[in-house]
Amino acid sequence: MGLMAQSAFAQAQAPAQQLERIEITGSAIKRIDAETAVPVTIIKIEDLKSQGVTSVEQILGLLSSVQATQNMASAIGSGTGGVTYANMRGIGADKTLVLLNGQRIANSATGSAAPDMNMIPFSAINRVEVLRDGASALYGTDAIGGVINFITRNDFTGGTISVGYDAPQKAGGTTNSASIGYGIGNLGKDGWNVYGTLSFKNRDFINGDQRGYNKRIVGGLSNSTFPANYQVANGGAYYSPLAPTCNAPNLIPNAASNAPGCRIVTPPFVSLSPASETVSGLLKGTFDVNPDLRLGAEVFYAKNAVETKIAPVPYGGYWINPGTTYFPTAALTKPGYSATFDPYDLNGQAFNNPSTQFANPVNLQQGGVLVWWRDLINGPRSDKSTGEQYRGMLTAQGTAASWDYKVALAYNHTQNDRELTGGYANGDVIGEGLIRGIINPFGDQTPAGLALIQGAALKGLLSTSIGKVTSLTVNAGRELGDWFGATRPVQIALGGEYRSEDYRDFNHREFAIAVSSSTGVDPDASSAGTRKVSAVYTELNVPLTKQLEITASARYDKYSDFGNTTNPKLSFRYQPSKELLLRGSASTGFRAPSLYELNASTGFTNTGSGFNNPLNCPDGVPVDPNTAGANCDAQFQAYFGGNKDLQPEESKSFTLGLVFEPIKGLSTSIDFWAIKVDNLIGSIAEETLFDAKNFPVFQQYFKFLQPGNILPLNTRACQDGPTSPTCGYVDERTQNLGGIKTSGIDLGAQYQLNTSVGRLGFEYQSTFVSKYDYQDYKNGPWNKNVGIYSGSGPVFKWQHNLSGSWSKDGWGAGLAVHYKSGYKDMLPGNNVKAYTTADAYVSFAPLKAVSMVLGVRNLTDRDPPFSNQSALFQGGGWDSRFYDATGRTVYVRGTVNF
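The working numbering puts the first residue of the sequence shown at 1, with every later residue one more than the last.
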């Protein structure tokens, strides 16, 4: 695995004067003993590369303390920009702090929740240090669940070239990768070094029809179909010319006996895993001016383009005038049809304005029908999100007047552009084509209809998000003498930070207007925010005896946009013998609302999947059978946006553990942890909002139309804002919610053994979550989440990673096993099974400068376990947040050093 709980014992037994003091993530004090009072996991990148790991996203999947990852697959249909976030302890990615060489990088410009892990220059990483404890007393905001610090090489001399190829056994998901690095100057001999790395990686789509398990359930259903459904009254039943058999590709009959229409199954159109292309590079220079001063400069750049596909655009609630070519005459005999059905009751400005695409205004006539049609001609919607990030940093570190100091000045810039690359169209043109009888929503198109639909297709840049962070950090530390005769000196560190953050998000208005009907995007929506942060902190390490030391730290932060906060931490380290170490900590923490959460513009979108109206269709049973289509298993309109009145999240964290080395080469650890977070920032989960039993509590979040309907009456129903009488929705704006209480145990073991047949290594790391309770709202009841899909997802009770390795005379081999426990599914009646996969590899170095690796991931080709969840666009009976769609994959890597 390349994962280990660092052993302090080997170092502690060596003479102190021969050891260099180093800085470990989670402490501002340089130490000789690597094992501090807080639990830190070290990830050795070279070991992981042998196992075919080529991205930071894959590293996160190997950490048992990471409950869930928002990955590139999560971008499908979500507008997240294809970012990858880490979510330590399952309390939210925004509560995991990410550092590069000990300094912050900018949060992703899309959503501003946390840094995008895809932007970390993987080829330049030397190791990763994962602090499994809160650290707001040192780092400030975000460091509640833990800290992940990516550390690059100090210096590198010579050159290296690596290439790789990943070939899944099934179609889709092929990956190519390459990297090159070169450095000059020997830091130890010459006093300077400059090196650079550049890496490239691309990955193909995995489409919805390329994996059989995507058809285990019929999910992702929609009433917008081809051939189309139609309604003869607002909120009435859906009818289809193909009912009741619905004999057409991807169509099924509506399960409700009172809804004689068809439904389309959308997962075959949706990519299970997106296509991506990543380029990253790092240039780093280090110069020793004298023994007491080292100057450094580094620049990194990364670009990650992610392309996703979802089902073709649905055009719902579009009007067809009576008497036109494709008006369904069968509608005249349907229950509820009225020759006085008035289109202007829908919205007075629906489609009656002139269009530049047509010579004459289009007038809507009474007695028409509402059509729910899907544009299969222009095909699946394709979005391309391109994220770019760069950071420049200058550092100075050294010793002056017995103080060790380090100063870092950094500038971070991140940007994400969302581009529509296929499947979208000008909804006004489509709408008028339907009204005029040019487009046939029920069958094959004439040449004129085909030309109109294809001519309405649009591609272009839809939106841009930009984030900027400028920071100055100063840290200094020194010894204060041996106060208590412990044979080790008291040490102190003092530090300060100044940070300026800017955020801006906007739509490209002209193009956004043209595609507003097929995207739901408000062309005028924009948001911006700025803040200044200043902080001071201190850390004091006091050895009380030869065996016992305590560390106290505290940090004060002042924010320009919401106030100030002080967070202390107290920890201890007790080593009664060379074999045993006890440690523990207690701390408070906080997370400031992000600029996006405070300033995001409000707007409308659809719910993530189909739900039942808790008033008119509780538990899937319609109160009025004639309105089942509008109220049961439907995507409703959702109102979203930021909130300037948000307050910071606050937390308390505790750890208590031990490290035990009973024999040489064997190190074991066990750490208990507990976290309580109050004042959570977020939106109430849609699954919770629409649960009928919760309706008495959440009814204020629903704006109903007519007698209890939520569906908007047409695609422009909310163009005049949330107060419009035609606008029905569920309110999902950001707010301060309730809290989280979670606790568990981390287990770790490492064993290295030299034998006559070679060097053997075994590593194990595991996380057991004993408790995870959360509240949907302030002072609300506590919901249990361990081993249960509740709210927005499950919390795994057990996660394990076990690996073994062998090496001798240039040869190597390894086997790793990964395990996730099962859980009770989103809907009653199913238990998601536990999931175990295995990876294996063989490595060979025929020459000192040449090495090769051949391996297999998911050796037994395990499909993701079945889940009936409906929260994600992929549908089809699995959950992309926790499992990989790829299946068995053979990979090969080759490296040449020169």
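Ideal Cβ positions, reconstructed from N, Cα and C, are used throughout, including at glycine.
- Of the candidates T286, Y230, A674, Y230 places its Cα closest to the Cα of G336.
- Look at the beta carbons and you see the segment 778-786 not touching the segment 851-870: under three pairs across the two are nearer than 8 Å.
- In the DSSP assignment, Q869 falls outside any beta strand (DSSP E) and carries neither an H nor an E.
- In the structure shown, T688 adopts helical secondary structure according to DSSP, grouped into three states.
- 8 Å or more divides the Cβ of T566 from the Cβ of A493.
- When only Cα atoms are considered, W403 and Q67 end up about 40 Å apart.
- In this structure, DSSP gives Q647 a state outside helix and strand, which the three-state scheme calls coil.
- The DSSP-derived three-state label of K703 is strand.
- W319 is bridged by DSSP to L370.
- By the CB criterion at 8 Å, D417 and T446 fall outside the cutoff.
- If you ignore the 5 residues before and after K558, its C-beta comes within less than 8 Å of the C-beta of V533, S534, A535, N564, all in its own chain and listed in chain order.
- One Cα belongs to S224, the other to K778, and the distance between them is close to 38 Å.
- Straight-line spacing of the CA atoms in A305 and S276 works out to 5 Å.
- Around the CB of L827, fewer than 16 other CB atoms lie within 10 Å, so the residue is classed as exposed.
- Collapsing the DSSP output to three states places G392 in a strand.
- The Cβ neighbour count for E579, taken over all protein chains shown within 10 Å, is under 16; the residue is labelled exposed.
- Between the segment 732-743 and the segment 655-671 there are fewer than three C-beta pairs closer than 8 Å, too few to call the two in contact.
- In chain order, Q637, K703, F704, L705, N709, I710, L711, P712 place their CB closer than 7 Å to the CB of G728, counting only its own chain and leaving out the 5 sequence neighbours on each side.
- Boundaries of the alpha helix (DSSP H) harbouring E46: 45-50, taken from the DSSP string.
- Of the residues assessed, K797 falls on the buried side of the cut-off, its CB having 16 or more other CB atoms within 10 angstroms.
- In this structure, DSSP gives D94 a helical state, which the three-state scheme calls helix.
- Spanning the alpha carbons of K384 and E419 requires a straight line of approximately 5 Å.
- Residue A228 holds the alpha-carbon nearest to the alpha-carbon of I439 among V279, A228, A113.
- Burial is judged here by how many other beta carbons sit within 10 angstroms of a residue's own beta carbon; L394 has fewer than 16 and is exposed.
- When DSSP assignments are scanned along the segment 562-646, the uninterrupted stretches of alpha helix (DSSP H) that are 4 or more residues long and fall wholly within it turn out to be 595-599, 628-631.
- In the pairwise beta carbon analysis, the segment 116-124 is classified as touching the segment 51-61: at least three pairs are separated by under 8 Å.
- Contact holds between the segment 83-92 and the segment 106-120, because three or more Cβ pairs, one in each stretch, are under 8 Å apart.
- In the structure shown, the three-state DSSP call for T333 is helix.
- Excluding residues up to 5 positions away in sequence, W806, S807, K808 lie with their Cβ nearer than 7 Å to the Cβ of G758 in the same chain.
- Restricting attention to Y411, G449, S526, T530, the CA atom closest to the CA of L472 is found in Y411.
- For S517, the uninterrupted alpha helix (DSSP H) run begins and ends at 516-519, by DSSP.
- The beta-carbon separation of D505 and S465, rounded to 4 Å, stays under the 8 Å limit for a contact.
- Per the C-alpha coordinates, the member of N631, Y764, T886, N378 positioned closest to G236 is N631.
- Here L332 is exposed. Its C-beta has fewer than 16 other C-beta atoms within 10 Å.
- Using a 10 angstroms sphere on the CB of W483, the tally of other CB atoms stays under 16, which defines it as exposed.
- In this structure, DSSP gives M88 an extended state, which the three-state scheme calls strand.
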